[in-house]
Amino acid sequence: ASAIQWLKQQLTRKPQTFQELHPQFLREIGGWQKHERPLELSEMLEQNFLRYDGKGPIPSQIVAWLRQSADMRRVIQEELASGRAVEDAHGLHTQHPGLIRRAKDRWYVPDPGKAADLEKLRERTLLKEFEEYRAFKGRRLTRFRLEAVRAGFKRAWQERDYATIIAVARKIPEEVLQEDPKLLMWYDQAVTRMGGE
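The numbering of the sequence shown is our numbering, which starts it at 384 and goes up by one.
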């Protein structure tokens, strides 16, 4: 937990890229015992924090950090004054390439008061669970979370990965598939797109 707390302090102070965090992280963990399991920075970031991918509004946590720079503050003010950018509860909606470039790939601390941040973390957890179902080598899954299957089917559909939908559908009980309209729709459409069964 202490490594996560350290990361939270670093990212609360300044949203950072993996490249900025990694050298600091290596210095920080340098004093650990040799027998301790090494912590993976990328794994901790994925499980506990969010990364702005350059799509959609720039999160308010990153906007607050950008405003600490006089140049960026001026750009944000100009964008807002001209109407080219809008700021709301979701963050800063802008197409300004300089702002997006500075914000892109920065990790930040999710705001527990923002449903969207919590939903992103939740979806990531569900997709990780779905990935375990996909990789499962047995014939049938006996225990699984329906919402993880839904999240995985939705993502696979968006990525046009119809084979994954069909493969996982064959691992869950037929009645579960038949009783869930969304799962059944994605499965039927995937079978159709793949050209039959």
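Backbone N, C-alpha and C define an ideal beta-carbon position, used for all residues, glycine too.
Here DSSP, grouped into helix, strand and coil, assigns Val551 to helix. A straight-line Cα-Cα distance of about 6 Å links Arg434 and Tyr491. A distance below 8 Å between beta-carbons, with the five flanking residues on each side excluded, links Arg523 to the following residues of its chain, in chain order: Lys554, Ile555, Pro556. Scanning the region 420-487 for uninterrupted beta strand (DSSP E) segments of 3 residues or longer gives 469-471, 474-476, listed from N- to C-terminal end. Comparing C-alpha distances from Pro564 to each of Met577, Asp488, Glu530 shows the shortest one belongs to Glu530.
Per DSSP, the unbroken alpha helix (DSSP H) holding Gln407 starts and ends at 401-412.
In its chain, beyond the 5 residues on either side, Leu449, Met455 have a beta carbon closer than 7 Å to the beta carbon of Arg485. Within 10 angstroms of the beta-carbon of Pro398 lie 16 or more other beta-carbons, which makes it buried.
By a beta-carbon distance limit of 8 Å, Arg489 does not contact Thr547. Their separation comes to about 30 Å. Annotation: Val492 is outside any alpha helix (DSSP H) and is labelled neither H nor E by DSSP. Counting along the chain, Asp571 sits inside the alpha helix (DSSP H) bounded by residues 564-576. Cα atoms of Lys520 and Arg507: separation of roughly 22 Å, rounded to the nearest angstrom. With the rule of 3 Cβ pairs closer than 8 Å, the region 502-516 counts as touching the region 529-543. Shown here, Gly521 sits in coil according to DSSP, grouped into three states, outside any helix or strand. The beta carbon of Trp569 sits closer than 6 Å to the beta carbons of Phe536, Trp540, Ile548 from its chain, once the five residues preceding and following it are set aside; these are given in chain order.
It is roughly 10 Å from the alpha-carbon of Gln561 to the alpha-carbon of Asp571. Ile387 and Lys497 have their alpha carbons spaced roughly 20 Å apart. If you compare the alpha carbons of Pro440, Arg526, Ala518 with that of Pro480, the shortest gap goes to Pro440.
When C-alpha distances from Leu409 are compared across Val458, Leu567, Trp389, the shortest belongs to Trp389.
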